[in-house]
Amino acid sequence: MPDLQKLLPPPLRRPPKPGHPDGSGNGAVAHREGAAPASPVTDDPGRRAAAGAKDAPVDLVGWIDERMGGSGFLTAMLLRKVPKGTNWFYTLGSATLFAFVVQAVTGVFLAMYYTPSPVEAYASITHLTNDVFLGEFVRGMHKWGASVMVILVFVHMGRTFFFGAYKYPRELNWVIGVVLLILTMVMGFTGYLLPFDQRSYWATIVGVNINGTGPLIGPYLSDFLRAGPEFGATTLSRFYAIHMLLVPGAIIALIGAHLYLVVKLGTTAPPWLRADRKPADARSQPVDAIADGGNGRAT
Amino acid sequence: MKPVGYFEGESMTRRRAFTVAGGALGGIAGAAIVLPALGFAVAPIFEQPEEDWQAVGELADFVPETYVPRVITIVQGIGEAGKSTVYVRQGSAELGEDPDSYVAISTRCAHLGCPVRFVQAAGNFICPCHGGVYGFQGEVIGGPPVRPLDRFQTRVTGRFVEIGPRYSVTSQLEPVRARDPGEFTGGVWEYLYPPRPTTAAPPSS
Chain A
1 MPDLQKLLPP PLRRPPKPGH PDGSGNGAVA HREGAAPASP VTDDPGRRAA AGAKDAPVDL
61 VGWIDERMGG SGFLTAMLLR KVPKGTNWFY TLGSATLFAF VVQAVTGVFL AMYYTPSPVE
121 AYASITHLTN DVFLGEFVRG MHKWGASVMV ILVFVHMGRT FFFGAYKYPR ELNWVIGVVL
181 LILTMVMGFT GYLLPFDQRS YWATIVGVNI NGTGPLIGPY LSDFLRAGPE FGATTLSRFY
241 AIHMLLVPGA IIALIGAHLY LVVKLGTTAP PWLRADRKPA DARSQPVDAI ADGGNGRAT
Chain B
1001 MKPVGYFEGE SMTRRRAFTV AGGALGGIAG AAIVLPALGF AVAPIFEQPE EDWQAVGELA
1061 DFVPETYVPR VITIVQGIGE AGKSTVYVRQ GSAELGEDPD SYVAISTRCA HLGCPVRFVQ
1121 AAGNFICPCH GGVYGFQGEV IGGPPVRPLD RFQTRVTGRF VEIGPRYSVT SQLEPVRARD
1181 PGEFTGGVWE YLYPPRPTTA APPSS
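Here the protein sequences line up with chains A and B, keeping their order. Residues in the first sequence are numbered consecutively from 1, following the working numbering. Residues in the second sequence are numbered consecutively from 1001, following the working numbering.
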């Protein structure tokens, strides 16, 4: 197995570990200084071509990085330190992000066949599901993926709550997450109407009327959602526009802010790791080896 | 002594003036796009639909003792989704109604808008969704509905019964402007659930 670190341009490589002069062995020091290439120059044209091909991805990434300068950000994000005790529960946010990406991709392709008109919507859905090649699969991904995303959002929120990861200085990220939860619910609500079968139609009638029960602004809110006093000609296209343009845009922007804060603030250690240890000790020593410093909390 | 960066007689620096002007221009440009777009999106709240009267049958089709179902078109041009069933009967002298008038009960449940049906044997309207039950005049006799069933205005043109705009009623069956399902009528609720421009005035009773 070739050392993957050597394939990366110098700024993207993992920094050397403390106590090791270079961290990845042969050639890395030279490379980091931008001097000699990894493969020795030979006179054999075949070997030279192979060496050139091997360097091509490095050169390409290096070319982009020289002009864009994203390697510092990528290094900070991908190779950032995480607390001891980080475990599988910390993958729930990424899983939610993946579910959203699945929804976005399948949604784009569903939009190629869907007609948001009250007269044609149901027929376009049955055509898409029954006639289009793999249509049932793509629609099924979108339909079941929606439920998966809602479940993952809630489990992710539960993880954040029970691990205490919402506390200072991460309150703002919790607030952004709550807005994302609401937007996910809006996606579920608006998307539910689109197949335009009996279940969709009546569930939307009920949902819009629940919105209308809010005092003072409720009646106007339901008029806004329906585009009029009754379920009308543009209600479906209104829901469609909210579902595929308005809310996804807001979700993408807020996911960006959410991830920025995660990278900037870092993640929290699980609550079962003692908080009264110094960070350096926490990384290098087992729990029993820590002197408790006379605070009476030794186990 | 004038502050640093100020010329004689100036109330702000050139840099400050350009910052304010640039911000103001950007704000005006943004508002010029956003305000019309918002107005475009919320315009339907302020539109009053045209009054539409539809004939549902001849006078002899309806009796005071029971309801006859009729299908009317609430919204034109959207197929089945724009249609709704209406239960029609003649006014009943026994119930204190004018025998020359006609009563048209909306099937839109006053709880959350599911379609109720009239069950002949019980003489009640029953909602399939959450168990709302209404009596013969549409008054609530069970379940979660917050007010009696809505009605439509009726009139007689020649020998035909015609159905007009929707209106809601209070628990005393007094007409008020149409409310959405789930909204109480009468008393203070008339202010907590204000009437909307999209609804027609109720008939004068």
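For glycine and all other residues, C-beta sits at the position ideal for the given N, C-alpha and C.
Excluding its 5 nearest sequence neighbours in each direction, Val208(A) has C-beta neighbours in its own chain below 7 Å: Ser222, Leu225, Arg226, listed in chain order. Across the set Gln1153(B), Gly1158(B), Leu1173(B), the C-alpha of Leu1173(B) shows the shortest separation from the C-alpha of Glu1139(B). Val1161(B) is positioned such that its CB atom lies closer than 9 Å to that of Asp1061(B). Distance from the CA atom of Pro1064(B) to the CA atom of Ile210(A), rounded to whole angstroms, is 34 Å.
The three-state secondary structure of Pro1195(B), taken from DSSP, is coil. Residue state for Thr1170(B) is assigned as coil, using DSSP reduced to three classes. Identification of residues in the region 111-125 of chain A having a C-beta nearer than 7 Å to some C-beta of chain B yields Pro118, Val119, given in sequence order. Closest in alpha carbon position to Gly212(A), among His1111(B), Leu1095(B), Ser1171(B), is His1111(B). The CB of Leu216(A) comes closer than 9 Å to the CB of Tyr1191, Leu1192, Tyr1193, Pro1194 in chain B, given here in chain order.
For Gln198(A), the enclosing alpha helix (DSSP H) begins and ends at 198-212. For Gly93(A), the enclosing alpha helix (DSSP H) stretches over residues 92-111. For Val1068(B), the beta-bridge partners assigned by DSSP are Val1088(B). Burial check for Asp1180(B): the Cβ neighbour count within 10 Å reaches 16 or more, so the residue is buried. Taking CB atoms only, Asp1180(B) has a neighbour in chain A less than 9 Å away. Burial of Val1056(B) is indicated by the presence of at least 16 other C-beta atoms within 10 angstroms of its C-beta. In this structure, the CA atom of Lys84(A) is about 15 Å from the CA atom of Thr91(A).
Collapsing the DSSP output to three states places Ala146(A) in a helix.
Secondary structure of Ser1101(B) (DSSP, three-state): coil. A direct Cα-to-Cα measurement between Arg1159(B) and Thr204(A) gives close to 39 Å.
For the region 226-258 of chain A, the set of residues with a beta-carbon nearer than 9 Å to any beta-carbon of chain B comprises Arg226, Ala227, Gly228, Pro229, Glu230, Phe231, Gly232, Ala233, Thr234, Thr235, Leu236, Arg238, in chain order.
Here Asn87(A) is exposed. Its C-beta has fewer than 16 other C-beta atoms within 10 Å. Proximity to Cys1129(B) across Pro1044(B), Thr1170(B), Phe1152(B), Val1116(B) peaks at Val1116(B), based on C-alpha coordinates.
When 7 Å is used as the limit between beta carbons, Pro195(A) is near no residue of chain B, the shortest such separation being about 13 Å. With respect to Arg1151(B), Val1119(B) sits apart: the two C-beta atoms are not nearer than 9 Å. Listed along the chain, the chain B residues whose CB falls inside 7 Å of the CB of Trp202(A) are Cys1114. Neighbours of Ala1081(B) in chain A, taken as residues whose beta carbon is under 7 Å from its own, are Pro118, Tyr201, Phe231 in chain order.
A residue is called buried once 16 or more other Cβ atoms fall within 10 Å of its Cβ, and Val1176(B) is buried on that count.
Contact with chain B is found for Phe224(A), since one of that chain's Cβ atoms lies less than 9 Å from the residue's Cβ.
At least 9 Å separates the CB of Ala1104(B) from every CB of chain A.
No Cβ-Cβ contact shorter than 9 Å links Ala233(A) with Pro116(A). The DSSP-derived three-state label of Asn1124(B) is strand. When DSSP states are grouped into helix, strand and coil, Ser1106(B) belongs to the strand group. Counting other Cβ atoms within 10 Å of its Cβ, Ile1045(B) reaches 16 or more and is therefore classed as buried.
Of the candidates His156(A), Gly188(A), Val186(A), the residue whose Cα lies closest to the Cα of Trp174(A) is His156(A). Beta-bridge pairing by DSSP links Tyr166(A) to no other residue.
A Cβ-Cβ contact shorter than 9 Å links Met141(A) with Val102(A).
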